[in-house]
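A.B. asks: Below is one structure. I have some questions about it.
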Amino acid sequence: MNAMKLLMPLRVPELAPSLGRIIVPRRLLDPWVPLDDIREELATRALELGGEGRAAAAREAEGQADRARVLELTGRRAWSAAWDHAVRRAGTRVAEALDAEIARSAQEVRMPRRRLRRHLLTSAEKRAIVARLGTGGGTFVAALDELEAAATRVADASVLEKDAHAAWQDALRTVARRLETAWLALEAEVEEERNRWNPEIAAIAAWRPSLWPVIVFWIPFAALLVWLGLIVGGYAPAPAWLAQRLGF
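Counting in my numbering, the sequence shown runs from 309 upward without gaps.
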């Protein structure tokens, strides 16, 4: 009779040291749009994943939880959801800041509202901003691939397969480090996004109303007023129809 396989207890490592500058930012200048609340929310969620995983692992050791639950709480889907949420929030924040700056520049030059609406960001442009902010997550996604593979191996690893357990722990730490890299790339892309829109904002600030309404309407009207003034003052003869109407 085969002996029952004794599974290796799962131990979720501490992830805070691997999150680095997501927890403690080190930058010379703050981003042009506030991002610290989004960064802190991402850091909190990453630490929560580790905490929830450790709690589930403790319940599993007591026979109160499914082993798969530990791997789910610390797995690809949970990490991806945290990152995607942060990217969407940052993209919305950037789009709102750009719209506000465009509107402020338009107000300073008294641009008509109808023309201003043509300069505000479209839904497609807002989606493009979110996509660009997420481009720095390439290495993070690759780390998630490695985590998924390591989780598959450790799912039924016995107490004799310590290498599988160590590889899974290392994969978790690597995911946390790559999340830090992805966030720093997002902050850099936020700065690039402003540079990308600076020409548009400068063009709005340089806008001036067209002179054709003045030429088409006000100059003839002013000429008419001058002509009437000359007639009333006796400096120019009035046409018969006008003289009769005015009683000249």
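All C-beta atoms in this analysis are idealised placements derived from N, C-alpha and C, irrespective of residue type, glycine included.
State yes or no: is the C-beta of residue 480 within less than 8 Å of the C-beta of residue 321?
C.D. replies: Yes.
A.B. asks: Terminal residues of the continuous alpha helix (DSSP H) containing residue 452?
C.D. replies: It spans 446-462 - the alpha helix (DSSP H) in which residue 452 sits, taken as one unbroken run.
A.B. asks: Please state the DSSP three-state secondary structure of residue 468.
C.D. replies: If DSSP states are grouped into helix, strand and coil, residue 468 belongs with coil.
A.B. asks: If distances are taken between C-alpha atoms only, which option among 399, 378, 489, 377 comes closest to residue 431?
C.D. replies: Of the candidates 399, 378, 489, 377, the one whose C-alpha sits nearest the C-alpha of residue 431 is 399.
A.B. asks: Tell whether a beta-carbon distance below 8 Å holds between residue 465 and residue 315.
C.D. replies: Yes, the pair counts as a contact, with Cβ atoms nearer than the cut-off.
A.B. asks: To the nearest angstrom, how far is the alpha carbon of residue 309 from that of residue 469?
C.D. replies: Caution applies to residue 309, whose pLDDT of 38 falls short of 50 and renders its modelled position unreliable; the model cannot decide the point.
A.B. asks: Can you give me the Cβ contacts of residue 540 inside the same chain, cut-off strictly under 7 Å, excluding the 5 residues immediately before and after it?
C.D. replies: Cβ neighbours of residue 540 beyond the five flanking positions: none.
A.B. asks: At 4 residues or longer, what runs of the alpha helix (DSSP H) sit wholly inside the stretch 403-453?
C.D. replies: DSSP runs (the alpha helix (DSSP H)) wholly in the stretch 403-453: 421-427, 431-441.
A.B. asks: Taking only runs of the alpha helix (DSSP H) that begin and end inside the stretch 325-380, which ones reach a length of at least 4 residues, in chain order?
C.D. replies: Correct list: 344-369.
A.B. asks: Specify the secondary structure class of residue 314 as computed by DSSP and reduced to three states.
C.D. replies: Residue 314: coil per DSSP, three-state reduction.
A.B. asks: What's the C-alpha gap between residue 365 and residue 381?
C.D. replies: When rounded, the distance between both Cα atoms is 10 Å.
A.B. asks: Around the Cβ of residue 334, are there at least 16 other Cβ atoms within 10 angstroms (buried) or fewer (exposed)?
C.D. replies: Result: exposed.
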